[in-house]
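Number of protein chains: 2
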Amino acid sequence: MVEISSPTETERCIKSLIAVFQKYAGKDGYNYTLSKMEFLSFMNTELPAFTKNQKDPGVLDRMMKKLDTNSDGQLDFSEFPNLIGGLAMACHDSFLKAAPSQKQT
Amino acid sequence: MVEISSPTETERCIKSLIAVFQKYAGKDGYNYTLSKMEFLSFMNTELPAFTKNQKDPGVLDRMMKKLDTNSDGQLDFSEFPNLIGGLAMACHDSFLKAAPSQKQT
Numbered sequence: 001m002v003e004i005s006s007p008t009e010t011e012r013c014i015k016s017l018i019a020v021f022q023k024y025a026g027k028d029g030y031n032y033t034l035s036k037m038e039f040l041s042f043m044n045t046e047l048p049a050f051t052k053n054q055k056d057p058g059v060l061d062r063m064m065k066k067l068d069t070n071s072d073g074q075l076d077f078s079e080f081p082n083l084i085g086g087l088a089m090a091c092h093d094s095f096l097k098a099a100p101s102q103k104q105t
Numbered sequence: 001m002v003e004i005s006s007p008t009e010t011e012r013c014i015k016s017l018i019a020v021f022q023k024y025a026g027k028d029g030y031n032y033t034l035s036k037m038e039f040l041s042f043m044n045t046e047l048p049a050f051t052k053n054q055k056d057p058g059v060l061d062r063m064m065k066k067l068d069t070n071s072d073g074q075l076d077f078s079e080f081p082n083l084i085g086g087l088a089m090a091c092h093d094s095f096l097k098a099a100p101s102q103k104q105t
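Which chain is which? The protein sequence lines are A and B, in order.
With UniProt numbering as the guide, the letters of the first sequence map in order to residues 1 to 105.
With UniProt numbering as the guide, the letters of the second sequence map in order to residues 1 to 105.
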């Protein structure tokens, strides 16, 4: 038997990222993948702090192509963590530059 | 100028995953990587729903080795998203099996 306790913040985040993927993947066509339109909708709605900062209008097109490793024009869930990871790395690098010795508690 | 508004759930999760990495990476030694001890501490504390279900005591050792793509005995932040992604994929697959046509709203 596994003891049921309230989820940790990390567990909650993983569930939340799955839910947001499923929400956008379910908007049109095949429910388990993000089409180009669904990807754009996700990026503009869920990551406005990133998308509003982009001066290059082609950046989302190039991101979709880079993330779509099997080049089927859709992002499946196995391709999605690379997006979250890439954005997290970009943020993490800027945090390191801003506060190199700061510890989060 | 970029308009400042409250972060979305996805932005909040990305920040939270960065913060949790930094929290555990700062426990010993070099602050920007997870040592084996820090990785085990992270997994046991932040992902108990996963670790308590593992019957194989070697699973965390093998995960660390697999994630440590440059084999330096440390997980840096570029190696960390693969962990979150791998766990999310495992959860996502089980959600698909449990409710194949369910949409999250």
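Cβ coordinates follow ideal geometry from the N, Cα and C atoms, glycine included.
(1) Pick out whichever of A/F50, A/D61, A/Y30, A/T10 has its Cα sitting closest to the Cα of A/C91.
(2) Let's test the definition: count the other Cβ atoms within 10 Å of the Cβ of B/S101 and tell me whether it reaches 16, buried, or not, exposed.
(3) Quick check on the burial criterion: 16 or more other C-beta atoms within 10 angstroms. Buried or exposed for B/E46?
(4) Taking the CB atoms as reference points, tell me whether A/P81 and B/P81 lie closer together than 8 Å.
(5) Here's the rule I'm using: 16 or more other beta-carbon atoms within 10 Å means buried, otherwise exposed. How should A/G85 be labelled?
(6) Closer than 8 Å between beta carbons: that is the criterion. Which residues of the UniProt domain "EF-hand" (55-90) of chain B meet it against chain A?
(7) Please determine if the segment 25-39 of chain A and the segment 70-78 of chain A are in contact, where contact requires at least 3 C-beta pairs separated by less than 8 Å.
(8) Where does B/D76 sit, in a helix, a strand or coil, going by DSSP?
(9) Using 8 Å as the threshold, is the segment 53-62 of chain B in touch with the segment 48-65 of chain A, meaning 3 or more CB pairs across them?
(10) For A/L17, which residues of its own chain have a beta-carbon under 7 Å away from its beta-carbon, when the five flanking residues on both sides are left out?
(11) What residues are listed by DSSP as bridge partners for A/L34?
(12) Could you compute how far the alpha carbon of A/S41 sits from the alpha carbon of B/M37?
(13) Along chain A, in chain order, which residues have C-beta atoms closer than 8 Å to that of B/S16?
(14) On the CB-based measure, 16 or more other CB atoms within 10 Å of its CB, does A/T69 come out buried or exposed?
(15) Using a C-beta cutoff of 8 Å, does A/L47 count as contacting chain B?
This is what the structure holds:
(1) A/F50
(2) Legend: pLDDT at B/S101 = 49, less than 50; position of this residue unreliable, no value from coordinates given.
(3) buried
(4) yes
(5) buried
(6) F77, S78, F80, P81, N82, I84, G85, G86, L87, A88, M89
(7) yes
(8) strand
(9) no
(10) I84
(11) A/L75
(12) 40 Å
(13) E9, T10, C13
(14) exposed
(15) yes
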